[in-house]
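All remarks here apply to the structure that follows.
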């Protein structure tokens, strides 16, 4: 048994390092697997895609990337995207540097004599921003009205042009690839990383890309025995709706004869409970606790934006990645609240 563990660990570590070859864990047929279809094969995909600006730009990382690539081909669109990116950077700037960053954005994008001037921003709002900056009161929401106007501009004529461009055609081709059936043969399976109430979590690698994930296997017999069908479906539906750096992401979902499989972000750093009790002195220094609390709060905020309440917050469910950042995991007890409604209840153990 000990020898089997050593072999399993060695194979897993080799896979994490890219397999040691030029292909970095990719299959010999990776180009064939990831080849795009001709655009004539994608009309059905176009009808299925939500062609809404907010969906493509905010909820689809690939859609956002391709829309930005498209905007960079035309000067007015490029200025608008540059402004949005600058404001996004401004919003996470430390408070002591915020004033100088605000002045930099104002000079570059909101001054009429600047070559990057965003022409469709209202003069009254520019005047108001200038007055606030003059009082050294540059708050996080300083550019919110301007951002709303720029997004509205991009969502109309600009987005309509994007839908007719080669960039949207490329988006459809990616969506066609996304829609291809996923089976256990899509992956190489490695050692078990942990066990839970409905099954186990093991490491896996996508044959086409060499990318590592965690495969959460929910055994069908256990699910039926414990009447957990609704919980399993709920977790899958919530995970596929969330796109957050602070919540584990769902990359694939498939089923085998015996299990439902959720392929998730792999988190190699263990959970907070382990780090609190088993790494060095028990507990964390205050600075480290504040850092984790901030990232967990960001994750909860991203869930709340989608009207999702996370109801299983505990150290065991907060996982660390290779770089020491944390993500919220195990959304089986989370619940989505319909617009205008509220919820009361008790869950957990």
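Numbering (UniProt numbering), first residue to last: 1 to 349.
Using N, Cα and C, we set each Cβ at its ideal position, and we do this for glycine too.
Quick caveat, the model's predicted, so the values are computed rather than measured.
First and last residue of the uninterrupted alpha helix (DSSP H) at residue i
i, result
"residue 236", "229–241"
"residue 303", "286–305"
"residue 106", "95–109"
"residue 274", "272–278"
"residue 262", "Careful: residue 262 lies outside any alpha helix (DSSP H), inside the beta strand (DSSP E) at 259–264."
"residue 343", "That residue, residue 343, is in no alpha helix (DSSP H); it is neither H nor E in DSSP."
"residue 160", "159–163"
"residue 126", "123–134"
"residue 177", "166–178"
Local conformation of residue i per DSSP, three classes
i, result
"residue 187", "strand"
"residue 83", "helix"
"residue 208", "coil"
"residue 118", "coil"
"residue 253", "strand"
"residue 336", "strand"
"residue 91", "helix"
"residue 368", "Residue 368 lies beyond the residue range present for the chain, which begins at 1 and ends at 349; the question has no answer from this structure."
"residue 308", "strand"
"residue 61", "helix"
"residue 143", "coil"
"residue 37", "coil"
"residue 49", "coil"
"residue 71", "helix"
"residue 32", "helix"
"residue 226", "coil"
"residue 137", "coil"
"residue 113", "coil"
"residue 282", "coil"
"residue 66", "helix"
"residue 182", "coil"
"residue 26", "coil"
"residue 347", "coil"
"residue 154", "helix"
"residue 14", "helix"
"residue 3", "helix"
Residue i - partner residues in DSSP beta bridges
i, result
"residue 203", "214"
"residue 194", "201"
"residue 319", "271, 327"
"residue 219", "259"
Proximity of residue i and residue j at Cβ, strictly below 9 Å
i, j, result
"residue 70", "residue 153", "no"
"residue 233", "residue 249", "no"
"residue 216", "residue 228", "no"
"residue 169", "residue 39", "yes"
"residue 213", "residue 263", "yes"
"residue 37", "residue 177", "yes"
"residue 34", "residue 183", "no"
"residue 10", "residue 76", "no"
"residue 53", "residue 155", "yes"
"residue 308", "residue 337", "yes"
"residue 158", "residue 100", "no"
"residue 172", "residue 261", "no"
"residue 303", "residue 343", "no"
"residue 147", "residue 192", "no"
"residue 179", "residue 45", "yes"
"residue 188", "residue 139", "no"
"residue 347", "residue 311", "yes"
"residue 326", "residue 306", "no"
Chain C within 9 Å of residue i, Cβ atoms only
i, result
"residue 221", "Given the protein chain composition of this structure (a single chain), no chain C is represented."
Would you check if there are 3 or more beta carbon pairs closer than 8 Å linking the stretch 239–252 to the stretch 293–311?
Taking 8 Å as the limit for Cβ pairs, the verdict is that the stretch 293–311 does touch the stretch 239–252.
So, do the stretch 265–281 and the stretch 330–341 have three or more beta carbon pairs nearer to each other than 8 Å?
The stretch 265–281 makes no contact with the stretch 330–341; the number of CB pairs closer than 8 Å stays below 3.
Counting Cβ pairs closer than 8 Å, one from the stretch 139–157 and one from the stretch 113–127, do we hit at least three?
Yes, since at least three Cβ pairs between the stretch 139–157 and the stretch 113–127 fall closer than 8 Å, the two stretches touch.
Below 8 Å, how does it come out for the stretch 57–71 and the stretch 99–115: are there three or more Cβ pairs, yes or no?
No, because fewer than three Cβ pairs between the stretch 57–71 and the stretch 99–115 fall closer than 8 Å, the two stretches do not touch.
If we count Cβ pairs, one from each stretch, closer than 8 Å, do we get three or more for the stretch 253–265 versus the stretch 220–232?
The stretch 253–265, when compared against the stretch 220–232, does touch it at the 8 Å Cβ threshold.
With three or more beta-carbon pairs closer than 8 Å as the criterion, would you say the stretch 91–111 touches the stretch 195–211?
These segments do not touch.
Is it the case that the stretch 314–328 contacts the stretch 262–270, given that we only count it when at least three CB pairs across the two stretches are under 8 Å?
Cβ pair count under 8 Å is three or more, so yes.
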